[in-house]
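This report concerns only the one structure given below.
Numbering (my numbering), first residue to last: 2 to 263.
In structure tokens form, the structure reads like this:
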């Protein structure tokens, strides 16, 4: 873990905070290493039921850090270094996609480029009225990174994804929810409390049930109905065989909140 990423665990909630407020949490290789380490630690810790991604200061993150890099992170003309460097950090996205633990992005202020792609990989996104999202890739002569175009195409469809990628408009506050890129918009002073409320609600659920629901949702976006139903049945059987299912049944009969320990 590096100082560019802060990591804490409390009451089943792992908080991963990008910590370069002096650079508006712009994305660099050191931050990427810290984020990957934090995500892996969250997934391996059985006490963690949900992950919250956020940024310190006033911004979630404004994209790749294009200043103060000597040498340049992607040397001009060095195709192999550029490809190798990006492929190294696509592990961030595959880790978020494949992990069992649900992820919530708490997004305030600027959210652009690589940081926007990172936020789009979360399961839920909550933004503030001050949040400004922008793909920004074409503005700095890039076509996208960290799976941003892939996520946008599935979330919005090809036409709206193309609008965000090719025109790179700024979308603000309530517009982000209207576009379908966030679940809720809140005043800045209420954002963290709302995210914690949602995280605590998720953390009270069965870890096996959460993992199964997450896998079903991911599979539903790409599989045929027949292939999906087979995977769904496998997830159902796994849940049915777990102690969580019996605890949930008993809690229902006894009219109490379930206590999941797995």
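Beta carbons: idealized from backbone N, C-alpha and C, even for Gly.
Query raised in the report: Between residue 164 and the rest of its own chain, which residues show a CB-CB distance below 8 Å, the 5 nearest in sequence each way excluded?
Result: One-based indexing of the chain shown puts residue 164 at position 163. Same-chain partners within the cutoff: 170.
Query raised in the report: Which residues in the same chain have their Cβ closer than 7 Å to the Cβ of residue 259, if we skip the five residues on either side of it in sequence?
Result: For the purposes of this step, residue 259 is identified with residue 258 of the chain shown, where counting begins at 1. Here the set comprises 248, 249 and 252.
**Report entry** Meets three-Cβ-pair contact criterion under 8 Å: the stretch 222-238 and the stretch 168-182
**Finding:** no
Query raised in the report: Expressed to the nearest angstrom, what Euclidean distance is found between the alpha-carbon atoms of residue 89 and residue 155?
Result: Residue 89 sits at position 88 when you count from the first residue of the chain shown. Residue 155 sits at position 154 when you count from the first residue of the chain shown. If I take the Cα positions, the gap works out to 23 Å.
Query raised in the report: Whole beta strand (DSSP E) runs in the stretch 112-138 with 3 or more residues, listed along the chain?
Result: 125-129 and 133-135
Query raised in the report: Sorted by chain position, which residues of the same chain lie with C-beta nearer than 7 Å to residue 181's C-beta, five sequence neighbours on each side aside?
Result: Within the chain shown, the letter at position 180 stands for residue 181. So the list reads 156 and 157, once near-sequence residues are dropped.
Query raised in the report: Hey, residue 7 and residue 26: beta-carbon distance below 7 Å or not?
Result: In the chain shown, the residue the question calls residue 7 occupies position 6. In the chain shown, the residue the question calls residue 26 occupies position 25. No; because the gap between Cβ atoms is not below 7 Å, this pair is not in contact.
**Report entry** Range covered by the beta strand (DSSP E) that runs through residue 15
**Finding:** For the purposes of this step, residue 15 is identified with residue 14 of the chain shown, where counting begins at 1. Run containing residue 15: 14-19, per the beta strand (DSSP E) assignment.
Query raised in the report: First and last residue of the beta strand (DSSP E) that includes residue 56?
Result: Along the chain shown, read from residue 1 onward, the residue named residue 56 stands at position 55. Element bounds for residue 56: 51-56.
Query raised in the report: Taking residue 243 as the reference, which of 255, 256 and 207 has the closest Cα?
Result: Your numbering for residue 243 matches position 242 in the chain shown. The option with the nearest alpha carbon to residue 243 is 207.
Requested in this report: For residue 235, verify whether its CB is less than 6 Å away from any heavy atom of the ligand SAH.
Outcome: In the structure shown, the ligand SAH is absent, as is every other ligand, since no ligand is present at all.
Query - Local Cβ density within 10 Å of residue 48, reported as buried at 16 or more and exposed below that - result: For this step, residue 48 is matched to residue 47 along the chain shown. It counts as exposed.
Query - Beta-carbon spacing of residue 62, residue 29 below 7 Å - result: In the chain shown, the residue the question calls residue 62 occupies position 61. In the chain shown, the residue the question calls residue 29 occupies position 28. In this structure, residue 29 does not lie closer than 7 Å to residue 62 by Cβ.
Report task. For residue 238, count neighbouring C-beta atoms within 10 Å of its own C-beta (all shown protein chains included) and say buried if the count is 16 or more, exposed if not. Result -> Translated into the one-based positions of the chain shown, residue 238 becomes position 237. So residue 238 ends up on the exposed side.
Query - Backbone CA spacing between residue 120 and residue 188 [nearest angstrom] - result: Along the chain shown, read from residue 1 onward, the residue named residue 120 stands at position 119. Along the chain shown, read from residue 1 onward, the residue named residue 188 stands at position 187. Their backbone Cα atoms lie some 19 Å apart in a straight line.
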